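A.B. asks: The sequence shown begins at 970 in the working numbering and counts up one residue at a time.
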Amino acid sequence: MIFKKRNCMKSIDPLIRKRHSARAIDPDRPVPDETLETLIEAARWAPSCFNNQPWRIVVSKDKSLPKVKECLSRGNGWAQDAPVIFTFASKPELGCQKTGRDYFPLDLGLAIENILLQGISMGLVMHPIAGFDEILLKESLRIPDEYRVHALVIVGHPLPAERMESSQREKEAQPSERKSAEEIVSWEGWPQLSDEKI
Ligand SMILES: Cc1cc2nc3c(=O)[nH]c(=O)nc-3n(C[C@H](O)[C@H](O)[C@H](O)COP(=O)(O)O)c2cc1C
């Protein structure tokens, strides 16, 4: 089956297309607790295997925030401006464990997508990151050894374009690319050489 690219783009929910990982955050604008509670509520309603809800979330907005920022990789320097960082942690025993398959990272990913979409719908910058020192972060937040932290979510208000440096403005304007549906999807089975080529 051939995808009609334009039609597919048209029919998806606009929120999905609006979501993107912005980096320019207003350092002077805090995110109110009420907003944070709404974001957490969105994560809470994510699906999970057997409804195990294996996610544990640490919110850093006051005294733990500088400590979390110290754990970020150098490439994530832009996140130093964030007023809030969510740490998503879990461990295999909290999620479904099917032979050889741990589902907790998948469940966390679903909760993270929920929180991202909720925040984007509220006009926030919502940016998931994997670039951090997990050991240092766990020490800083007193997360027990057996837990894994696969991702943080950087949260803030967008920096108004007129306050961005030109390099920042350029980066933020770069369009997000995606592989075509043909590259990632096959119908009715794994892709194989077409009959004529066999
Ligand atoms: C699990 C995960 C880890 C990521 N880690 C980082 C990161 O460390 N630094 C960063 O700037 N972006 C990070 N990103 C954001 C991706 O680069 C971004 O989602 C991707 O380029 C697609 O762009 P978009 O989200 O704007 O559509 C991460 C995204 C995911 C889902």
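In this text, a Cβ means the ideal position worked out from N, Cα and C, and glycines have one as well. Note that this is a predicted model, so its numbers are computed, not measured.
1) Could you pull out every residue in the same chain whose Cβ sits closer than 6 Å to the Cβ of LEU1008, ignoring the five residues on either side in sequence?
2) Can you tell me which of PRO1061, VAL1000, ALA1080 puts its alpha carbon nearest to the alpha carbon of TYR1072?
3) Taking 6 Å as the cut-off, is the C-beta of PRO1160 nearer than that to any heavy atom in ligand 3?
4) When DSSP builds the beta bridges, which residues end up paired with GLN1066?
5) Please name the residue or residues paired with GLY1125 in a DSSP beta bridge.
6) Could you say if the segment 1031-1041 and the segment 1094-1113 meet the contact criterion of at least three C-beta pairs nearer than 8 Å?
7) Name the DSSP beta bridge partners of ALA1080, please?
8) Measuring only the C-alpha atoms, how far is ILE985 from GLU1082?
C.D. replies: Judging by the given coordinates:
1) Here residue 1008 refers to the residue found at position 39 when the sequence shown is read from its first residue. So the qualifying residues of the chain are ILE1084, GLN1087, GLY1088.
2) Here residue 1072 corresponds to residue number 103 of the sequence shown, with the count starting at 1. Per the Cα distances, PRO1061.
3) Ligand 3 is not part of this structure, which contains only ligand 1.
4) What you label residue 1066 is simply residue 97 of the sequence shown in a count that begins at 1. Note: GLN1066 sits in a beta bridge opposite ASP1071.
5) On the sequence shown, position 156 is the one that residue 1125 refers to. Bridge partners of GLY1125: VAL1094.
6) yes
7) Reading the sequence shown from its first residue, position 111 is the one you call residue 1080. Its beta-bridge partners do not exist; DSSP assigns none.
8) Walking along the sequence shown from the start, residue 985 turns up at place 16. Walking along the sequence shown from the start, residue 1082 turns up at place 113. Using only the alpha carbons, I get a separation of about 10 Å.
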